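To start, the structure under review is shown below, and the notes come after it.
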Amino acid sequence: MMKLSSSKLIKCSALALLVGISSAYANDFPTKPITVVVPYGAGGTTDISARKLSSLAEAELGQPIVVENRPGASGTNAMRSVANARADGYTLIATTSSPLFVTPAVRPVGYDSVKDFTPILNYSGPYHGVLVPADSPYKTFDGLIKAAKSGTSISYGTAGAMGGPHLSFELIARQTGAKLKHVPFNGAGSATAAVLGKHVDVALVPAYRDLVLDSKLRLLGVLDDSRDPDFESVPTLKEAGYDVEFPSVVGVMAPAGTDPEIVEQLEMTFTKVAKSDEFKAFMTKLNQPVRVMTGEKLGGIIQSNLETYRNVAKELSQK
Amino acid sequence: MLLDAFNALMDIWVLVAAVSGIVTGIIIGAIPGLGPTMAIALLIPVTFTMSPIPAITLLLGVYQGAIFGGSISAILLNVPGTPSSAATAIDGYAMARKGEGGRALRVALYASVAGNIFSCLVLIVLAEPLASFALNFGPAEMAALMLFALLVIVLFGGGVRLDAALMVLLGVFASIIGLDPIEGTPRFTFNSFAMENGLQLIPVLVGLFAMSEVFLKLFQKQSSIKEPVDLPKIVPSKVRFVDMWRMRATLLWSSLIGTFVGILPGIGSTVPAFMSYGLARARSKQAHKFGQGADEGVAAPEAANNAVTGGALIPTLALGIPGDAVTAVILGAFMLQGLAPGPFLFRDYGVEVYAIFEALILSSIPTIIFGLLLFKVAVHVIRIQPRHLFPTITVLALLGAFSVNNSLVDVWVMLGAGFVGFLLRRADFPLPPLLIGLILGTPLEQSVRQAMLTSNGSLDIFWNSGIALALLGLTAISILISLCIPLLRKQRQQKGSSNV
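Note that the protein sequences, when read in sequence, are chains A and B. Using our numbering, the first residue of the first sequence is number 604, and each one after it goes up by one. Using our numbering, the first residue of the second sequence is number 165, and each one after it goes up by one.
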């Protein structure tokens with residue numbers, strides 16, 4: 604009963620806020636349902652978290668938000684369609700690092716992540732780790748690279764060819780002259796299974812927490828630009844002394860040219876619900892971090908990484 | 165623990181969840197194009213507010229129901245609702261054409277239930293050791309297994325072997341389209357972004373099997389479409405327990421194959437269904453009856469594709485590593501219920517997990533009841549006049565192809581596959597090997613190349629692995645057997661004729 608009344612209370616206060624918001628804006632956006640496109644299939648973590656965020660934002664905006672899955676081609680299909688959608692704030696995309704700054708750096712995708720989109724906010728981003736089997740001789744990331752430099756050939760598995768983790772390690776191999784051999788798998792799950800079965804020496808994958816806690820795998824480093832709060836003692840690759848990072852983002856974007864007032868309103872609403880306790884609790888269950896960032900900051904990350912990865916891809920193609 | 169779990173099931177909501185899950189699953193599975201992945205993904209938000217046991221029971225009921233539901237349309241219409249029921253269509257539809265559709269459906273139902281129960285028991289008893297064992301399957305072992313699977317289908321799938329081999333190769337060739345799995349470079353995409361994903365399985369399946377049927381009817385010489393066509397009479401059909409018991413070895417082998425292949429990532433349920441069909445045919449003394457409507461031809465693939473469900477849950481739950489799209493979605497559902505799959509699942513949530521497994525086994529009872537009720541209505545589908553039936557199939561095929569990725573390109577792929585399927589069927593080529601080639605082409609290529617990458621290009625990786633060696637040995641033995649059997653048969657025939 605307690606639970607029921609408190610949720611009613613939240614709803615009431617949400618309603619009150621809603622009245623406040625709608626009077627604060629000259630335009631009466633939104634007047635019709637908003638579509639949030641998800642570039643992956645229904646039921647994945649990006650999809651589930653986007654659905655939750657949308658259902659929370661729905662209550663704030665007073666209009667339904669329809670989540671539409673448009674999977675395929677590593678998320679680039681959905682990006683292309685939203686880039687060409689009308690910039691009125693009614694078509695948004697909840698998207699991730701790969702179609703934002705990895706795939707566009709590698710091959711033509713038919714959109715420009717910087718010029719064709721206005722970032723609204725970042726709300727999540729699973730940490731990718733450098734993982735070895737628990738009985739592996741490598742105890743630190745430095746040790747691993749030193750071994751690879753002194754002639755031992757190290758194979759590493761990733762979720763697929765030309766993904767962020769692959770390009771990051773390729774960069775390290777170039778910087779240090781280490782012998783790192785890439786073995787792409789079909790998804791992060793298969794790559795994790797391969798390192799558990801010792802078919803590869805290292806795997807660069809997300810969703811490793813329980814396997815590390817169960818001491819089946821050892822976490823040597825984090826590819827992200829900050830440490831994984833679940834493993835505070837494990838350094839990022841930058842901290843370990845290698846100039847490489849793969850910042851994982853999950854954010855909402857609108858087509859470029861959307862009215863700044865609408866963008867501001869959306870940013871405020873989504874930021875508010877992304878910071879809510881309900882969303883945090885939900886994401887914790889999903890084993891996904893909540894990483895709220897302003898649209899401006901997200902835009903910066905996209906721009907700088909797009910450049911970095913373009914250079915990596917260019918070097919790779921010249922080998 | 166098992167008893168505590170059983171007590172946790174004594175809740176009316178668990179029953180409601182199990183029944184509604186199964187009914188939804190069967191219906192969605194029966195519609196071509198809509199599969200368990202989509203059904204589960206759509207139902208996940210419904211389960212947000214439910215407590216863990218009914219929520220997961222509902223979703224897993226959909227999973228099992230959908231795999232079985234696919235065979236209803238496969239048997240009655242020769243249109244597989246899901247890829248894995250394409251094997252069931254071979255003998256199931258042959259039976260339906262003789263008016264024995266009811267019998268085929270019942271055999272399929274009982275075999276499905278047998279496969280389900282078997283794989284659930286394996287899941288309860290051996291989840292953790294099997295999950296660890298499956299990790300031994302690296303790229304080299306997977307490559308050997310897939311090679312074996314391809315050969316079983318060519319050698320024992322029935323029909324002319326050269327035709328089957330050609331079709332497998334055509335399927336493998338079709339799988340080359342899209343991004344290279346190792347380098348990520350586009351192949352045969354002609355700069356079309358839409359083709360980077362390659363040919364999607366569901367549109368190709370729906371086209372090859374459903375749309376080609378429509379094209380066949382369209383180009384058939386017929387005086388007038390308006391005239392009613394003679395349709396098979398529905399033969400009253402009973403399947404007694406003895407009939408199923410006679411097939412116990414087939415059911416057991418098929419369930420074993422299904423469960424085992426299910427544990428391995430990335431192969432899915434279509435390949436084990438055809439492998440089981442091939443094996444049942446090879447073992448049978450009446451191999452000539454396969455393809456003409458043999459009970460075992462329906463039972464073998466159905467037991468196998470349903471057994472995959474339990475097998476696929478093993479690595480998903482015990483390691484938190486899903487093998488395919490369906491189990492990835494189920495993994496998400498478990499997490500949302502606070503039951504995070506992985507090494508701690510059985511330790512921390514034993515009661516809930518075992519309760520869910522027991523619910524899966526017990527839901528065989530409602531599955532049988534609702535299955536039998538549904539059949540009473542469904543068998544009349546074969547009495548529908550073609551002029552009503554085929555437009556319906558066309559609409560379903562178009563919708564099904566579109567719904568996979570919400571993409572119009574898939575609809576064109578479906579229509580193209582339908583035309584190719586029509587040509588091949590007119591020329592009497594078997595379609596299943598084409599489907600298997602398409603399914604296994606990319607993973608086989610990827611596994612071989614992964615193996616070569618990890619071994620620095622040395623083939624030793626195949627000889628140094630016991631599992632890979634055993635599988636390659638099996639492959640060699642299968643080839644020898646298939647070469648010897650006709651020779652032996654010929655000798656026997658000659659002996660027989662000389663005696664006369």
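Backbone N, C-alpha and C define an ideal beta-carbon position, used for all residues, glycine too. Please read all numbers here as calculations on a predicted model, not as lab measurements.
What residues match up with residue i in a beta bridge as DSSP calls it?
| i | result |
| --- | --- |
| E671(A) | V640(A) |
| V786(A) | G760(A) |
| T721(A) | A857(A) |
| S727(A) | V853(A) |
| I696(A) | V640(A) and M856(A) |
| V735(A) | R821(A) |
Classify residue i as helix, strand or coil using the three-state DSSP reduction.
| i | result |
| --- | --- |
| Y741(A) | coil |
| R821(A) | strand |
| A806(A) | strand |
| S622(B) | coil |
| M214(B) | coil |
| I494(B) | helix |
| R351(B) | strand |
| L607(A) | Residue placement at L607(A) is poorly supported in this model, since its pLDDT is 45, which falls under 50; the coordinates are not used for a value here. |
| G342(B) | strand |
| T897(A) | strand |
| N570(B) | coil |
| A627(A) | No answer about A627(A) holds up, because its pLDDT of 47 lies below 50 and its placement is not dependable. |
| S376(B) | helix |
| S657(A) | helix |
| N890(A) | coil |
| R710(A) | coil |
| E305(B) | helix |
| E264(B) | coil |
| Y274(B) | helix |
| G432(B) | coil |
| P505(B) | coil |
| M408(B) | helix |
| N242(B) | coil |
| A565(B) | helix |
| R689(A) | coil |
| Q364(B) | coil |
| G665(A) | coil |
| L416(B) | helix |
On the premise that residue j lies in contact with residue i, defined as a C-beta separation below 8 Å, what is that separation, rounded to the nearest angstrom?
| i | j | result |
| --- | --- | --- |
| F170(B) | L638(B) | Actually they do not touch by this definition, with Cβ atoms about 40 Å apart. |
| R589(B) | L314(B) | R589(B) to L314(B), Cβ: 22 Å. No contact. |
| F373(B) | L595(B) | 7 Å |
| L823(A) | F744(A) | 4 Å |
| A697(A) | A653(A) | 4 Å |
| P722(A) | L869(A) | Wrong, their Cβ atoms sit about 11 Å apart, outside the cutoff. |
| V403(B) | Y513(B) | V403(B) to Y513(B), Cβ: 39 Å. No contact. |
| T706(A) | S677(A) | 5 Å |
| L889(A) | M214(B) | Between M214(B) and L889(A) the Cβ distance is about 17 Å, and since that is not below 8 Å, they are no contact. |
| G193(B) | G265(B) | Rounded, the Cβ-Cβ distance is 17 Å, inconsistent with contact. |
Let me see if you follow: with CB-CB separation under 8 Å, is residue i close to chain D or not?
| i | result |
| --- | --- |
| M499(B) | Given the protein chain composition of this structure (A and B), no chain D is represented. |
Residues within the region 794-809 of chain A neighbouring chain B, beta-carbon criterion of under 7 Å = Result list: T795, A796, A797, L799, G800, H802 and V803.
Contained alpha helix (DSSP H) runs [length at least 4] in the region 830-879 of chain A, N- to C-terminal order = 863-877
query = Along the region 356-389 of chain B, what residues have a CB closer than 7 Å to any CB found in chain A?
reply = F357, E360 and N361
ask   = Using Cβ-Cβ distances below 8 Å, what residues of the region 732-760 of chain A are close to chain B?
value = S756 and S758
task = Pick out the complete alpha helix (DSSP H) segments inside the region 444-503 of chain B, 4 residues or longer, and give them in chain order.
result = Runs of the alpha helix (DSSP H) inside the region 444-503 of chain B: 459-483 and 489-500.
ask   = Any residues in the region 707-731 of chain A with a beta carbon nearer than 9 Å to a beta carbon of chain B? Which ones, in chain order?
value = Residues are counted here when their Cβ sits less than 9 Å from a Cβ of chain B; for the region 707-731 of chain A these are V709, R710, P711, V712 and G713, given in chain order.
request  = Compile a chain-ordered list of the residues in the region 635-647 of chain A whose CB is closer than 7 Å to at least one CB of chain B.
outcome  = G644, A645, G646 and G647
task = Could you name the residues of the region 186-202 of chain B whose beta carbon sits closer than 8 Å to any beta carbon of chain A, in the order they occur along the chain?
result = T201 and M202
task = Could you run through the region 613-624 of chain B and flag, in chain order, every residue whose CB is less than 8 Å away from some CB of chain A?
result = Q614, L617, T618 and N620
ask   = What residues in the region 505-516 of chain B have a beta carbon less than 8 Å from any beta carbon of chain A?
value = G506, P507 and F508
query = At a Cβ cut of 8 Å, what residues of the region 468-494 of chain B count as close to chain A, listed as they run along the chain?
reply = P479, L483, G484, I485, P486, G487, A489, A492 and V493
query = Residues in the region 289-301 of chain B with C-beta within 8 Å of chain A's C-beta atoms, listed in sequence order?
reply = Cβ contacts with chain A come from A298, L299, N300 and F301.
request  = For the region 588-613 of chain B, list the beta strand (DSSP E) runs that are entirely contained and at least 3 residues long, ordered along the chain.
outcome  = none
ask   = Can you list, in chain order, the stretches of the alpha helix (DSSP H) that have 4 or more residues and sit fully within the region 507-534 of chain B?
value = You should have 509-512 and 514-526.
request  = Select from the region 864-893 of chain A all residues with a C-beta closer than 7 Å to any C-beta belonging to chain B, and list them in chain order.
outcome  = Within the region 864-893 of chain A, the qualifying residues are K888, L889 and N890.
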